[in-house]
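Peer 1: First the structure, which I've put down as structure tokens, then a few questions once you've had a look.
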Amino acid sequence: MRTRILPKMLNDEVEQYLRENDIIIVPVGTVEMHGGFPLDSETTISEAYALKMAEACDGLILTGLPYFYAGATASGRGTVQVSIREGIDYLGAIAKSLLRQGFQRQIYISFHGPAHMTCSPMVRDFFDETGVPILYIDLSMQMMKNGRDLFQSMDSFHAITVGAYQIMGRLADIPLTTEYTHTQKQSCSRFDDIFGLAYQSAAIGYCFAEKTDHMSTTAIPDEAFREKLAGEGAAIIEKMVERMDMRHITEEMRALADYNREVEEKCPWMPSGFNRKKSVR
Numbered sequence: 011m012r013t014r015i016l017p018k019m020l021n022d023e024v025e026q027y028l029r030e031n032d033i034i035i036v037p038v039g040t041v042e043m044h045g046g047f048p049l050d051s052e053t054t055i056s057e058a059y060a061l062k063m064a065e066a067c068d069g070l071i072l073t074g075l076p077y078f079y080a081g082a083t084a085s086g087r088g089t090v091q092v093s094i095r096e097g098i099d100y101l102g103a104i105a106k107s108l109l110r111q112g113f114q115r116q117i118y119i120s121f122h123g124p125a126h127m128t129c130s131p132m133v134r135d136f137f138d139e140t141g142v143p144i145l146y147i148d149l150s151m152q153m154m155k156n157g158r159d160l161f162q163s164m165d166s167f168h169a170i171t172v173g174a175y176q177i178m179g180r181l182a183d184i185p186l187t188t189e190y191t192h193t194q195k196q197s198c199s200r201f202d203d204i205f206g207l208a209y210q211s212a213a214i215g216y217c218f219a220e221k222t223d224h225m226s227t228t229a230i231p232d233e234a235f236r237e238k239l240a241g242e243g244a245a246i247i248e249k250m251v252e253r254m255d256m257r258h259i260t261e262e263m264r265a266l267a268d269y270n271r272e273v274e275e276k277c278p279w280m281p282s283g284f285n286r287k288k289s290v291r
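Counting with the numbering used here, you get residues 11 to 291 for the letters of the sequence shown.
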């Protein structure tokens, strides 16, 4: 296959793929202040994961979705902030388009912590509306679940950021030097007691006071160090994707669709009934 990135494919190539498979992975990102790294860091990390995941399960990826709810980084002049509701509606419209195109197995992923507030409601509403189960994978949660041994310190996180840019062919976008360090304490840390009362940043509204509050970064003095960090990070991403077992996940998605049909036959009053499914397609 020439490329797995849908926007870079010819229409004929997409049609050929859909004759044989129906998997698309959609990385959901942000453009937000990110210490000494580019504003689209968490978009690029998500896209790098998506590419490796697509290679593992013979899927395609839909790139170019960086403008969603950023959260507490709205205080940064470079941050593009989109409301959660606007993000849900926009992503839902894309999901319906992909379904009409023939992508029955859609997987939405993000390394951006607050992305669950956009993606999770969308996948549930989509199922109620269409009867088609699509999946959201929270990469931060996967990191805590399956990669604790790989993420020994913040240095590992910095490595995957640089590694992601290498995977996406954009390593030169990483600056060689930065004034930020990852040793500084967040200015809002005194509120951790209430921040921790719900999942990630979904507890209460706030914004960061200092530029160093979000993803302070390590110094990258020269190209050799940048390449070394990229190699370490790319290896972590590949190991994490291997542990996720994308073949199993996509097979389970198909099996779940069959299970859901059995439930619908038993409970025809469900909002995801057959009549609604037929009307959407």
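We put the CB at the ideal spot given by N, CA and C, even for glycine.
All figures in this text were calculated on a predicted structure; none of them were measured in a lab.
Starting from Tyr-176, trace the alpha helix (DSSP H) in both directions and tell me its first and last residue.
Peer 2: Inspection of the sequence shows that residue 176 is occupied by Gln rather than by Tyr. Per DSSP, the continuous alpha helix (DSSP H) segment holding Gln-176 begins and ends at 164–177.
Peer 1: In chain order, what residues of the same chain lie with their CB nearer than 8 Å to the CB of Arg-158, ignoring the 5 residues before and after it?
Peer 2: none
Peer 1: Within its chain, find whatever has a CB closer than 6 Å to the CB of Val-90; leave out the 5 residues flanking it on each side and keep chain order.
Peer 2: Val-41, Tyr-77
Peer 1: Kindly indicate which three-state DSSP category Val-142 falls into: helix, strand or coil?
Peer 2: coil
Peer 1: Identify the residues that DSSP records as bridge partners of Asp-148: which are they?
Peer 2: In the DSSP output, where bridge partners are listed per residue, Asp-148 has Ser-120.
Peer 1: Would you kindly work out how many angstroms separate the C-alpha atoms of Leu-181 and Ala-212, rounded to a whole number?
Peer 2: 32 Å
Peer 1: Measuring CA to CA, which of Phe-205, Leu-70, Ala-229, Leu-101 is closest to Thr-191?
Peer 2: Ala-229
Peer 1: Measure the C-alpha to C-alpha separation of Cys-217 and Phe-201 and round it to an integer number of angstroms.
Peer 2: 12 Å
Peer 1: Pull the bridge partners of Val-36 from the DSSP assignment, please.
Peer 2: Tyr-118
Peer 1: Kindly confirm or deny that the stretch 49–63 and the stretch 167–177 touch, where touching means at least three C-beta pairs closer than 8 Å.
Peer 2: yes
Peer 1: If you drop the 5 nearest sequence neighbours on each side, which residues of the same chain put their C-beta closer than 6 Å to that of Ile-35?
Peer 2: Ala-60, Met-63, Ala-64, Gly-69, Ile-71, Ile-117
Peer 1: Closest by CA to Ala-82, which one among Val-251, Glu-139, His-224?
Peer 2: His-224
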